[in-house]
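Same order as they appear, the protein sequences are chains A and B.
Numbering-wise, this note's numbering puts 102 at position 102 of the first sequence, and it's gapless, one number per residue.
Numbering-wise, this note's numbering puts 115 at position 115 of the second sequence, and it's gapless, one number per residue.
Quick reminder that beta carbons are idealized off the backbone N, C-alpha and C, glycines included.
Just so it is clear, the structure is predicted and the values come from calculations on it, not from any experiment.
Inspection log for the structure reproduced underneath, given as structure tokens.
Number of protein chains: 2
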Amino acid sequence: MDSLTIATSTLADPITTRTLSDQATERLREAIQTGALAPGDLLVERVLAGQLGMSRVPVREAIQRLTEEGLVKRAASRGAVVYLPPPSEVEEITAIRIVLEQFVAERVTQLWAPAAETTLTALVDRMREGVRARDRHRLSRLDAEFHAATWRIAAHGVLMEMVSSLRRRVARLLDETVGLMADDALPGIIDAHENLMAVFRAGDAVEARDEMRRHIETGQARILNVYKGRYQP
Amino acid sequence: MDSLTIATSTLADPITTRTLSDQATERLREAIQTGALAPGDLLVERVLAGQLGMSRVPVREAIQRLTEEGLVKRAASRGAVVYLPPPSEVEEITAIRIVLEQFVAERVTQLWAPAAETTLTALVDRMREGVRARDRHRLSRLDAEFHAATWRIAAHGVLMEMVSSLRRRVARLLDETVGLMADDALPGIIDAHENLMAVFRAGDAVEARDEMRRHIETGQARILNVYKGRYQP
DNA sequence: TTTTGGTATACTGCTAACAACTTACTGCCG
DNA sequence: CGGCAGTAAGTTGTTAGCAGTATACCAAAA
Numbered sequence: 001m002d003s004l005t006i007a008t009s010t011l012a013d014p015i016t017t018r019t020l021s022d023q024a025t026e027r028l029r030e031a032i033q034t035g036a037l038a039p040g041d042l043l044v045e046r047v048l049a050g051q052l053g054m055s056r057v058p059v060r061e062a063i064q065r066l067t068e069e070g071l072v073k074r075a076a077s078r079g080a081v082v083y084l085p086p087p088s089e090v091e092e093i094t095a096i097r098i099v100l101e102q103f104v105a106e107r108v109t110q111l112w113a114p115a116a117e118t119t120l121t122a123l124v125d126r127m128r129e130g131v132r133a134r135d136r137h138r139l140s141r142l143d144a145e146f147h148a149a150t151w152r153i154a155a156h157g158v159l160m161e162m163v164s165s166l167r168r169r170v171a172r173l174l175d176e177t178v179g180l181m182a183d184d185a186l187p188g189i190i191d192a193h194e195n196l197m198a199v200f201r202a203g204d205a206v207e208a209r210d211e212m213r214r215h216i217e218t219g220q221a222r223i224l225n226v227y228k229g230r231y232q233p
Numbered sequence: 001m002d003s004l005t006i007a008t009s010t011l012a013d014p015i016t017t018r019t020l021s022d023q024a025t026e027r028l029r030e031a032i033q034t035g036a037l038a039p040g041d042l043l044v045e046r047v048l049a050g051q052l053g054m055s056r057v058p059v060r061e062a063i064q065r066l067t068e069e070g071l072v073k074r075a076a077s078r079g080a081v082v083y084l085p086p087p088s089e090v091e092e093i094t095a096i097r098i099v100l101e102q103f104v105a106e107r108v109t110q111l112w113a114p115a116a117e118t119t120l121t122a123l124v125d126r127m128r129e130g131v132r133a134r135d136r137h138r139l140s141r142l143d144a145e146f147h148a149a150t151w152r153i154a155a156h157g158v159l160m161e162m163v164s165s166l167r168r169r170v171a172r173l174l175d176e177t178v179g180l181m182a183d184d185a186l187p188g189i190i191d192a193h194e195n196l197m198a199v200f201r202a203g204d205a206v207e208a209r210d211e212m213r214r215h216i217e218t219g220q221a222r223i224l225n226v227y228k229g230r231y232q233p
């Protein structure tokens, strides 16, 4: 506990004091969102504990959190499986996302400021590079970042918490869907986000709500097109 | 493992197969909502485990769930305390509740059916008895039941999950507030719910959204009147 | 009187081990 | 050949205990 130790840990990784449960949660959430853990995969506490180099309890807590986030479902006394929401649930989630994102859009028009313009413009510029590179995964990530940025602009803790939680529940599907888009459809992503910025800038709350609804519905339609019918419980 | 054991447990408590974690969660949530555990109270795992007759882990899991529900807050390596949302957070929660409950109202007008009429009428009738008896706690419970009934009518799992979670976060405050209402203000609760039923019945979604917004705002105003300024972190 | 150093307490985070339960398999009997 | 019972393996739910760390208190010195 000399000053060196303190300095090292403080400088190197200020919040490495994070618990193993937190680390497990993060690792598992990431594994699910990247597809390393695919829908239907069994999450066996003992196995994951071994892979993560910890005991079962932190893993157990992580699985519990992910269950409450809706990414994992507990099968009755059988363990937990990575959850694949049926199309009907995707529709439900989207319906609520629309309602909440419209509220976000309304607030963003009201709170619009130069800083917002800068942040979102930068993200759209990076999207353009993504389109040039045909890098669908990167586009998907930037799309997520764009919306996260709007949530921050909306400056509403509870709203952000709920809308981000909902988006995570369909994040994998959105990402997969973007991965399937044709080359000539990619520029449409740029247009969509430029349209959003335009209505934010214009300051018309009603128009902003409409544009946001269209935007979310487009994403859902893309998901359901490839997903309905192909879904197997 | 004989049939007697099975039969006994089955009859005595059909879902006693519930885990200790579930039971602990339920008991603690109830204690918080009744005020048996007051805001600021420390939740010490060892103590609660003793009181509930179980070991620390199920209690720990329960505390974690309640933390994610927003009823409890973890103090840094200090334990967990029953959370008292500051007025600003009450306002945030209410803002989202309005948005979601308006969606509920819209769906209820669309899905209105004789069964809905029966259910809600019965609840309002029971409220009238509550008003006659000046039983504020009962009125508060019936108000919660009325809204829970509308959520069921709206038939939307994700919506119900989110709106009920939000309401739980201010349930204690709502209950306390109703407890402070003057006798001659109590009939207003009946009127409010009759108005809601009227617009549901009329089938006008826009009017239903408006009425619901007013209804939620009234509740929030009551909370903030007695709560703003009196709040101490 | 105030501040600082040290000590003791008490809590959480985690590990390892136990017990109950479910499921799948294997062998036997009809 | 098919069905059923019994057994074995594997997984979760739970317990008890250990280690690390923050906090509070108390004493001593400036």
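Query, Result
"Verify the CB distance criterion: does Arg65 of chain A have a CB-CB separation below 8 angstroms to chain B?", "yes"
"From what residue to what residue does the beta strand (DSSP E) around Ala80 of chain A run?", "Gly79 to Val82"
"Using the rule of at least 16 other Cβ atoms within 10 Å of the residue's Cβ for burial, across every protein chain shown, is Asp191 of chain A buried or exposed?", "exposed"
"Can you give, in chain order, each stretch of the alpha helix (DSSP H) that sits fully within the stretch 59 to 120 of chain A and has at least 4 residues?", "87 to 111"
"What are the residues that DSSP puts in a beta bridge with Leu42 of chain A?", "A:Val81"
"Please report how far the alpha carbon of Asp204 of chain B lies from the alpha carbon of Thr109 of chain B, in whole angstroms.", "7 angstroms"
"Can you name, in chain order, every residue of its own chain whose Cβ lies under 7 angstroms from the Cβ of Glu194 of chain A, other than the five neighbours on each side?", "Val124"
"Count Cβ pairs between the stretch 174 to 183 of chain B and the stretch 136 to 148 of chain B that sit closer than 8 angstroms; are there 3 or more?", "yes"
"Sort A:Gly229, A:Ile223, A:Ala208 and A:Asn225 by Cα distance to Glu101 of chain A and report the nearest one.", "A:Ala208"
"Between the Cα of Arg222 of chain B and the Cα atoms of B:Thr121, B:Val199, B:Thr94 and B:Trp112, which residue gives the shortest distance?", "B:Thr94"
"Could you tell me the alpha carbon to alpha carbon distance between Met212 of chain B and Arg172 of chain A, rounded to whole angstroms?", "35 angstroms"
"Counting only the same chain and skipping the five closest in sequence on each side, list residues whose C-beta sits under 6 angstroms from that of Asp175 of chain A.", "Ser140"
"Mind pulling the chain A residues with CB within less than 9 angstroms of His156 of chain B?", "Glu92, Ala95 and Ile96"
"Any beta carbon of chain A sitting closer than 8 angstroms to that of Glu101 of chain B?", "no"
"Should the stretch 59 to 68 of chain B be regarded as contacting the stretch 139 to 156 of chain B, the criterion being three or more beta carbon pairs within less than 8 angstroms?", "no"
"Closer than 7 angstroms between beta carbons: that is the criterion. Which residues of the stretch 158 to 181 of chain A meet it against chain B?", "Val158, Leu159 and Met162"
"In chain B, what lies closer than 8 angstroms to Glu68 of chain A by C-beta?", "Arg65 and Glu68"
"Taking 6 angstroms as the limit between beta carbons, can you name the residues of its chain near Val59 of chain B, skipping five residues before and five after?", "Ala24, Glu45, Leu48 and Ala49"
"Looking only at its chain, what residues have a beta carbon closer than 8 angstroms to the beta carbon of Ile98 of chain B, apart from the 5 residues adjacent to it on each side?", "Met212, Arg213, Ile216 and Glu217"
"Between Ala155 of chain A and Leu111 of chain A, is the Cβ-Cβ spacing less than 8 angstroms?", "yes"
"Between the stretch 156 to 172 of chain B and the stretch 71 to 85 of chain A, do three or more beta carbon pairs fall short of 8 angstroms?", "no"
"In whole angstroms, what separates the C-alpha of Ala105 of chain B from that of Glu92 of chain A?", "16 angstroms"
"I'd like to know whether the C-beta of Glu61 of chain B is nearer than 8 angstroms to at least one C-beta of chain A.", "yes"
"Taking C-alpha atoms, which residue in B:Lys228, B:Leu186 and B:Val199 lies nearest to Leu120 of chain B?", "B:Val199"
"According to DSSP, simplified to helix, strand and coil, what is Ala133 of chain B?", "coil"
"Roughly how many whole angstroms lie between the Cα atoms of Pro87 of chain B and Gln51 of chain A?", "44 angstroms"
"Among residues of its own chain, excluding the 5 on either side of Leu37 of chain B, which ones have a beta-carbon nearer than 8 angstroms to its beta-carbon?", "Leu28, Ala31, Leu43 and Val82"
"Along the alpha helix (DSSP H) that carries Met197 of chain B, what are the first and last residues, could you check?", "Pro187 to Ala202"
"Distance, Cα to Cα, Arg18 of chain A vs Gln220 of chain B?", "37 angstroms"
"Check Tyr231 of chain B in the structure and name its three-state DSSP category.", "coil"
"For a test of the three-state rule: what should DSSP assign to Thr19 of chain A, helix, strand or coil?", "coil"
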